[in-house]
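Colleague: Mind looking over this structure? Questions follow.
Residue numbers (our numbering): 618 to 765.
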(Lines of atoms letter the chains of each structure in order from A; the text may use other names.)
(Lines give C-alpha, C1' and ligand atoms only; values in the text may rest on other atoms or scores of the structure.)
Protein backbone atom coordinates (compact mmCIF):
# COMPACT_ATOMS: atom_id res chain seq x y z
CA UNK A 618 0.00 0.00 0.00
CA UNK A 619 1.44 3.30 -0.97
CA UNK A 620 1.09 4.27 2.65
CA UNK A 621 2.56 7.71 2.43
CA UNK A 622 2.22 10.36 5.09
CA UNK A 623 -1.19 11.32 3.61
CA UNK A 624 -2.85 8.10 4.69
CA UNK A 625 -1.03 7.90 8.01
CA UNK A 626 -1.85 11.51 8.93
CA UNK A 627 -5.50 11.05 7.95
CA UNK A 628 -5.81 7.99 10.21
CA UNK A 629 -4.02 9.83 13.04
CA UNK A 630 -6.29 12.88 12.71
CA UNK A 631 -9.48 10.80 12.67
CA UNK A 632 -8.26 8.85 15.69
CA UNK A 633 -7.58 12.16 17.45
CA UNK A 634 -11.22 13.20 16.91
CA UNK A 635 -12.45 9.81 18.12
CA UNK A 636 -10.37 10.10 21.30
CA UNK A 637 -10.80 13.80 22.11
CA UNK A 638 -14.20 14.56 20.59
CA UNK A 639 -16.53 13.16 23.24
CA UNK A 640 -19.34 14.08 20.83
CA UNK A 641 -18.13 17.70 20.66
CA UNK A 642 -16.53 19.13 17.52
CA UNK A 643 -12.72 19.12 17.45
CA UNK A 644 -10.88 21.99 15.77
CA UNK A 645 -8.19 21.32 13.18
CA UNK A 646 -5.95 23.71 15.13
CA UNK A 647 -6.18 21.40 18.16
CA UNK A 648 -5.45 18.32 16.05
CA UNK A 649 -2.55 20.18 14.42
CA UNK A 650 -1.07 21.03 17.80
CA UNK A 651 -1.58 17.61 19.39
CA UNK A 652 -0.38 15.58 16.41
CA UNK A 653 2.22 17.97 14.94
CA UNK A 654 0.58 17.99 11.50
CA UNK A 655 0.42 21.31 9.65
CA UNK A 656 -2.96 23.04 9.61
CA UNK A 657 -2.98 23.55 5.83
CA UNK A 658 -2.25 19.86 5.32
CA UNK A 659 -5.11 18.91 7.65
CA UNK A 660 -7.44 21.25 5.73
CA UNK A 661 -6.66 19.39 2.49
CA UNK A 662 -7.18 15.99 4.10
CA UNK A 663 -10.41 17.01 5.81
CA UNK A 664 -11.93 18.33 2.57
CA UNK A 665 -11.56 14.78 1.21
CA UNK A 666 -12.67 13.08 4.43
CA UNK A 667 -15.78 15.29 4.53
CA UNK A 668 -16.67 14.42 0.94
CA UNK A 669 -16.62 10.74 1.86
CA UNK A 670 -18.80 11.34 4.93
CA UNK A 671 -16.13 10.17 7.37
CA UNK A 672 -16.27 13.53 9.13
CA UNK A 673 -18.77 16.34 9.18
CA UNK A 674 -18.02 19.98 9.85
CA UNK A 675 -19.74 22.01 12.53
CA UNK A 676 -19.77 25.76 11.94
CA UNK A 677 -19.80 28.62 14.41
CA UNK A 678 -18.14 29.17 17.78
CA UNK A 679 -16.89 25.91 19.24
CA UNK A 680 -17.10 24.47 15.73
CA UNK A 681 -14.77 21.99 14.13
CA UNK A 682 -15.14 18.42 12.97
CA UNK A 683 -17.02 15.42 14.27
CA UNK A 684 -17.07 11.85 13.04
CA UNK A 685 -19.65 11.38 10.29
CA UNK A 686 -20.20 7.73 11.25
CA UNK A 687 -19.74 5.74 14.44
CA UNK A 688 -16.21 4.54 15.31
CA UNK A 689 -17.48 1.00 14.68
CA UNK A 690 -18.50 1.93 11.11
CA UNK A 691 -15.22 3.64 10.20
CA UNK A 692 -12.27 1.45 9.29
CA UNK A 693 -8.66 2.28 8.47
CA UNK A 694 -8.99 1.19 4.83
CA UNK A 695 -11.92 3.56 4.36
CA UNK A 696 -9.93 6.53 5.74
CA UNK A 697 -6.94 5.79 3.51
CA UNK A 698 -9.18 5.36 0.44
CA UNK A 699 -10.86 8.71 1.21
CA UNK A 700 -7.57 10.58 0.90
CA UNK A 701 -6.83 8.79 -2.39
CA UNK A 702 -4.09 6.51 -1.19
CA UNK A 703 -3.98 3.48 -3.43
CA UNK A 704 -2.48 0.16 -2.50
CA UNK A 705 0.47 -0.55 -4.76
CA UNK A 706 3.24 -2.50 -3.08
CA UNK A 707 4.27 -4.09 -6.36
CA UNK A 708 5.17 -0.82 -8.08
CA UNK A 709 4.16 -2.79 -11.19
CA UNK A 710 0.97 -0.93 -11.95
CA UNK A 711 3.13 2.05 -12.71
CA UNK A 712 6.19 1.23 -14.79
CA UNK A 713 8.09 -0.52 -11.99
CA UNK A 714 9.51 -3.96 -12.69
CA UNK A 715 7.02 -4.90 -15.37
CA UNK A 716 8.34 -4.03 -18.80
CA UNK A 717 7.16 -4.42 -22.38
CA UNK A 718 3.65 -5.17 -21.15
CA UNK A 719 4.85 -8.45 -19.68
CA UNK A 720 4.24 -9.20 -16.02
CA UNK A 721 7.32 -9.30 -13.83
CA UNK A 722 8.06 -12.67 -12.24
CA UNK A 723 6.78 -11.68 -8.81
CA UNK A 724 3.76 -9.67 -9.99
CA UNK A 725 1.09 -12.02 -8.65
CA UNK A 726 2.91 -12.27 -5.30
CA UNK A 727 2.80 -8.48 -4.84
CA UNK A 728 -0.79 -8.37 -6.03
CA UNK A 729 -1.75 -10.94 -3.41
CA UNK A 730 0.14 -9.01 -0.74
CA UNK A 731 -1.71 -5.85 -1.77
CA UNK A 732 -5.05 -7.64 -1.42
CA UNK A 733 -4.05 -8.90 2.04
CA UNK A 734 -3.01 -5.43 3.21
CA UNK A 735 -6.19 -3.90 1.81
CA UNK A 736 -8.31 -6.57 3.51
CA UNK A 737 -6.41 -6.18 6.80
CA UNK A 738 -6.85 -2.40 6.87
CA UNK A 739 -10.58 -2.73 6.20
CA UNK A 740 -10.93 -5.06 9.20
CA UNK A 741 -9.51 -2.56 11.71
CA UNK A 742 -12.16 -0.21 13.02
CA UNK A 743 -11.66 3.18 14.58
CA UNK A 744 -13.34 1.81 17.72
CA UNK A 745 -10.55 -0.80 18.03
CA UNK A 746 -7.86 1.86 17.67
CA UNK A 747 -9.51 4.00 20.35
CA UNK A 748 -9.60 0.96 22.62
CA UNK A 749 -5.92 0.20 21.96
CA UNK A 750 -4.95 3.78 22.72
CA UNK A 751 -6.80 3.80 26.00
CA UNK A 752 -4.70 0.80 27.03
CA UNK A 753 -1.51 2.81 27.28
CA UNK A 754 -0.77 6.36 28.22
CA UNK A 755 0.00 8.25 25.04
CA UNK A 756 1.82 11.04 26.84
CA UNK A 757 4.80 8.72 26.91
CA UNK A 758 7.48 9.71 24.44
CA UNK A 759 7.12 6.56 22.32
CA UNK A 760 3.83 7.89 20.93
CA UNK A 761 5.50 10.96 19.49
CA UNK A 762 8.19 9.03 17.66
CA UNK A 763 5.86 7.37 15.18
CA UNK A 764 4.31 10.21 13.19
CA UNK A 765 7.31 11.12 11.05
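C-beta atoms are modelled at their ideal positions from N, C-alpha and C, and glycine is treated no differently.
Please read all numbers here as calculations on a predicted model, not as lab measurements.
Can you name the start and end residues of the beta strand (DSSP E) that residue 751 belongs to?
Modeller: No beta strand (DSSP E) contains residue 751, which is instead part of the alpha helix (DSSP H) from 743-752.
Colleague: With DSSP collapsed to three states, give me the class of residue 674.
Modeller: In the structure shown, residue 674 sits in a strand (DSSP, three-state: E or B).
Colleague: Considering just the uninterrupted stretch of the beta strand (DSSP E) at residue 684, what are its terminal residues?
Modeller: Per DSSP, residue 684 belongs to the beta strand (DSSP E) from 681-684.
Colleague: In the DSSP assignment, find the alpha helix (DSSP H) that holds residue 640 and state where it starts and stops.
Modeller: Unbroken run through residue 640: none, as it is neither H nor E.
Colleague: Kindly indicate the opening and closing residues of the alpha helix (DSSP H) around residue 653.
Modeller: Segment: none, residue 653 is in no alpha helix (DSSP H) and carries neither H nor E.
Colleague: Which residues share a DSSP beta bridge with residue 692?
Modeller: Residue 692 pairs with 742.
Colleague: For residue 628, which of helix, strand or coil comes out of DSSP?
Modeller: Here residue 628 sits in helix by DSSP.
Colleague: Suppose contacts are defined by Cβ-Cβ distances below 8 angstroms. Is residue 691 in contact with residue 620 by that definition?
Modeller: No, they are not a contact pair.
Colleague: Between the segment 718-732 and the segment 675-689, do at least 3 Cβ pairs fall closer than 8 angstroms?
Modeller: Verdict: no, contact absent.
Colleague: Look up residue 668 in the DSSP assignment and say whether it is helix, strand or coil.
Modeller: Looking at residue 668 - three-state DSSP - the assignment turns out to be helix.
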